[in-house]
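One rule links them: number in my numbering = place in the sequence shown (from 1) + 206. We put the beta carbon where it would ideally sit given N, CA and C, even for glycine. This report refers to the structure that appears directly beneath it.
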Amino acid sequence: MVAGASGALVSYLWKAATVVLAIMLMVVGVGSGTGWWLASAARDKAMVDLRTEQGINAQLRAGVDAQNTAILAQAKLAREAEARGAAAQQAAAANGRRYDQALQQITGVRAASCADAMPYVNQLLEKVR
207 MVAGASGALV SYLWKAATVV LAIMLMVVGV GSGTGWWLAS AARDKAMVDL
257 RTEQGINAQL RAGVDAQNTA ILAQAKLARE AEARGAAAQQ AAAANGRRYD
307 QALQQITGVR AASCADAMPY VNQLLEKVR
């Protein structure tokens, strides 16, 4: 009888251990499933945030590109203006030299009337032209 009672006790212990292990396995499975579910939700939110940031980044890059293009265009215009300014200075210097030469040619001329002065004025204007 003792052997029968101890066999029933061992059988009961095995059944209890099986139930405890099954419950632990379910708890671990549910915990793992919940972890996977939470991780996928966090991943999905991170992907949405990434797409939003990529859109903002693309807009900022487009703005920077537009500014760089405008700066390059402005620099080109400035170089062209500097070239025109240098050409104008050279032309003004050449005109000044011609004017000085024309004045030297008529230096010391005296005229008593407008009629006497007009040939010299015309000569000056022709040489300056």
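Is it true that the CB of Val315 sits closer than 7 Å to the CB of Tyr326?
Counted from its first residue, the sequence shown places residue 326 at position 120. Counted from its first residue, the sequence shown places residue 315 at position 109. Yes.
Compute the distance between the beta-carbons of Ala308 and Leu283, then report whether it is under 7 Å.
By one-based count along the sequence shown, residue 308 stands at place 102. By one-based count along the sequence shown, residue 283 stands at place 77. No, the Cβ-Cβ distance between Ala308 and Leu283 is not below 7 Å.
Measuring only the C-alpha atoms, how far is Val233 from Arg257?
Along the sequence shown, read from residue 1 onward, the residue named residue 233 stands at position 27. Along the sequence shown, read from residue 1 onward, the residue named residue 257 stands at position 51. Answer to the nearest angstrom: the Cα atoms are 36 Å apart.
Alpha-carbon to alpha-carbon, Gly261 and Ala287:
Here the question's residue 287 lines up with position 81 in the sequence shown. Here the question's residue 261 lines up with position 55 in the sequence shown. Cα-Cα distance, rounded: 39 Å.
Alpha helix (DSSP H) runs contained entirely in the region 280-329, provided each spans 4 or more residues:
none
Once DSSP output is grouped into helix, strand and coil, what is the label at Arg335?
Your numbering for residue 335 matches position 129 in the sequence shown. Coil.
In chain order, what residues of the same chain lie with their CB nearer than 8 Å to the CB of Met207, ignoring the 5 residues before and after it?
Taking the sequence shown and counting its residues from 1, the one referred to as residue 207 is at position 1. Note that Met207 has pLDDT 49, beneath the 50 cutoff, so the model's placement of it is unreliable and no number is given.
Give the straight-line distance between the Cα atoms of Ala293 and Arg335, rounded to the nearest whole angstrom.
In the sequence shown, counting from the first residue as 1, residue 293 sits at position 87. In the sequence shown, counting from the first residue as 1, residue 335 sits at position 129. Approximately 18 Å between the Cα atoms of the pair.
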